[in-house]
Structure formats: structure tokens, C-alpha cells
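Presented below is the structure to which this report refers.
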Amino acid sequence: MSFAVRFYTKTGNTEKLARAIAEELGVEALPLSQPVNEKVDILFLGNSYYAFSIDPEVKSFIAGLSKDKIGKIVNFGSAALLNSTFKKVKAEAAKVGIPMDENEFHCKGEFKALHKGRPNEADLKAAAEFAKQFK
């Protein structure tokens, strides 16, 4: 099974999760600016809500993916107020013909005074445990 981990973050919260997942999978966590050039069975894609949607960079990244190179996408992320971006990411992935795994990882993320210290060590451990099921 081959993996890639890409993330988009403005606060650093999703990057922390990406690094925990990537370490468990034995790959490098890279920002969206680094395309997925190799063929992978699973792309772990980290993102969050910004202004009640996924960021245009995330949409653009997904639009540039090739269904010939990506077996499926596994969504992960954090948010202070809103829940998962799964439905929005799935809609974008469907446009390029890449399926989404129905499982995802989501936890609280720190934003200003909300959820101080999140994702915390327990969240990072949970993210790594989540990734382990795909090995």
C-alpha cells in the first residue's frame, strides 16, 4: 500500500495532524504546493474550514489531481467551530473522478481563545492510530 500526505493550514493545526499521520505511515507530510507526482493508493488530505468553506487552494489542488495516480482520498483536519470538511472535499474529488474513503479524522483545533492547545498530544496520537488502520 502506498501513501502520500498533503495538507493546507493557516494556523499550523492541520500540519501537526499531517505530521503525526505521515510519521505513522512512513512518508513525509507536505504542503499542497508539493504536487503528488507518484502513483499512490491513498492520499491523506488535510484541510479545514475557512470562511465556511474549504480554501480555494484546496479546491485547486484537488482539481489538479489525476485519477490515474490517486486511488482514493482520506480526509483529515481540525476546526475550532465547524465540523468536518468531508462533504465539500468529496464534492471536489467527484469532479475529477477520485473516490473518498468514508472514514476520516477530525478533531478540535485552536483558534484565538477557543480550544487552547488543540490539537494536543492525545489528538496527535489519535490521528496516528487512525492512519494505522490503512496500513
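Numbering of the sequence shown is given in the numbering used here, commencing with residue 49 and proceeding in unit increments. Beta carbons are placed, not taken as given, at the ideal position from N, Cα and C, and that holds for glycine. Here the structure is a predicted model, which means the values were calculated and not measured.
Nearest neighbour of Ser108, chosen from Phe55, Ala176 and Asp89 [CA to CA]: Ranking the options by Cα distance to Ser108, first place goes to Phe55.
Delimiting residues of the beta strand (DSSP E) encompassing Ser126: First-last of the beta strand (DSSP E) with Ser126: Ile118 to Ala127.
DSSP bridge partner residues for Val144 (one or two, in chain order): The partner list for Val144 (beta bridge, DSSP) is empty, contrary to what the question assumes.
Beta-carbon proximity of Leu65 to Phe124, cut-off 8 Å: yes
Terminal residues of the beta strand (DSSP E) in which Asp89 lies: Val88 to Gly94
Residue nearest to Val88 in terms of C-alpha spacing, selected from Asp149, Lys180 and Ser50: Ser50
From Val106, Ala127 and Phe182, residue whose alpha carbon lies closest to that of Gln82: Val106
Limits of the unbroken alpha helix (DSSP H) element including Leu65: Asn61 to Leu73
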